[in-house]
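S.K.: Quick note on numbering: the sequence shown equals residues -18 to -1, 1 to 140 in mature numbering (1 follows the signal peptide of the UniProt record, and there is no 0).
Starting off with a structure, shown below.
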Amino acid sequence: MKILIALTLALSATVVLGDFEDPATCDVIWRSVEGVAKSCYKFHNEKKRWVEAYSACPPGMHLLALETEAELAFITRYIKQYVVHTYRQSWWTAGKGQVAIADSWFWKPGNTPIVFGWGPGEPNNNKNRYENCVSYFRYALNDDACYSRFPYICEHDF
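If you want it as structure tokens, here you go:
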């Protein structure tokens, strides 16, 4: 039921391209059903390590934090329709894990716990690679080694 509600909300949100104070700032704006702007997103194709991507977001923006199922559905739909990528493409998000606490994942900034959106079998620390950062991979969240180089998505919350 929760997924159905989230998908309904996500599908009723509209994709508005270039509708921001500075069109170069955002590729897409996520709006509520009422038309109120919630977040804007900028996709960066340059591949960086997580810490580099985190620092590279413009002032007033941060790495993507998928804090609701509706937001995850919106980003997934947008990427499928508008972003040139491969299904195996990873994008850095603002997700981080705490090394000292197993299965403790949160969004930076704000330290909101990550409680949904993981891909099948994730997080799994594949091959003990110290996978303490979160990427968006195959339309879901994936724990990844922070030294991996991926493109990244910056977000501005309204």
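For each residue, glycine too, the CB sits at the ideal point set by N, CA and C.
Keep in mind it's a predicted model, so treat the numbers as computed, not measured.
(1) Please determine, among P102, D125 and V15, the residue with the shortest C-alpha to C-alpha distance to G79.
(2) I'd like to confirm the pairing. Which residues does DSSP put opposite N124 in its beta bridges?
(3) Give the secondary structure of T(-11) by DSSP, where H, G and I count as helix, E and B as strand, and everything else as coil.
(4) For the beta strand (DSSP E) that F132 lies in, which residues bound it at each end?
(5) Could you tell me if G77 is buried or exposed, where buried requires 16 or more neighbouring beta carbons within 10 angstroms of its beta carbon?
(6) For the beta strand (DSSP E) containing F25, list its first residue and its last residue.
(7) For Y64, is the classification buried or exposed, using 16 other Cβ atoms within 10 angstroms of its Cβ as the cut-off for buried?
(8) Suppose the cutoff is 7 Å on Cβ atoms and the five residues either side in sequence are ignored; what does the same chain contact list for N27 look like?
(9) Mapping the DSSP letters down to three states, classify Y129 as helix, strand or coil.
(10) Under 8 Å, with one C-beta from each stretch per pair, do the stretch 89 to 106 and the stretch 30 to 49 reach the 3-pair mark?
(11) Drop a sphere of 10 angstroms on the beta-carbon of K62, count the other beta-carbons inside from all chains shown, and report buried for 16 or more, exposed for fewer.
(12) Candidates I57, V10, P41 and V66: which alpha carbon is nearest T75's?
(13) Taking only three categories from DSSP, how would you classify K109?
M.R.: In terms of the structure at hand:
(1) As a working note, residue 79 is residue 97 in the sequence shown. Among P102, D125 and V15, the Cα nearest to that of G79 belongs to D125.
(2) Locating residue 124 in the sequence shown gives position 142, where the first residue counts as 1. The partner list for N124 (beta bridge, DSSP) reads S117.
(3) Numbered from 1 along the sequence shown, position 8 holds the residue referred to as residue -11. Only weak support exists for where T(-11) lies, its pLDDT of 39 falling under 50; the coordinates are left without a value.
(4) The residue labelled residue 132 in the question sits at position 150 within the sequence shown. That run of the beta strand (DSSP E) goes F132 to D139.
(5) Numbered from 1 along the sequence shown, position 95 holds the residue referred to as residue 77. The residue in question, G77, is buried, as its Cβ has 16 or more Cβ neighbours within 10 Å.
(6) Locating residue 25 in the sequence shown gives position 43, counting from the first residue. Here the beta strand (DSSP E) through F25 covers A19 to K30.
(7) Walking along the sequence shown from the start, residue 64 turns up at place 82. By the neighbour-count rule (16 or more Cβ atoms within 10 Å), Y64 is not buried but exposed.
(8) Counting from 1 along the sequence shown, the entry for residue 27 is found at position 45. Excluding sequence neighbours, N27 sits near P133.
(9) Numbered from its first residue, the sequence shown carries residue 129 at position 147. The answer is coil: DSSP assigns Y129 none of H, G, I, E or B.
(10) Verdict: yes, contact present.
(11) Here residue 62 is taken as the residue at index 80 of the sequence shown, counted from 1. Exposed: under 16 other Cβ atoms inside 10 Å.
(12) As a first step, residue 75 must be located in the sequence shown, where it is residue number 93. With distances taken between Cα atoms, T75 lies closest to I57.
(13) Your numbering for residue 109 matches position 127 in the sequence shown. Note: K109 maps to helix in three-state DSSP.
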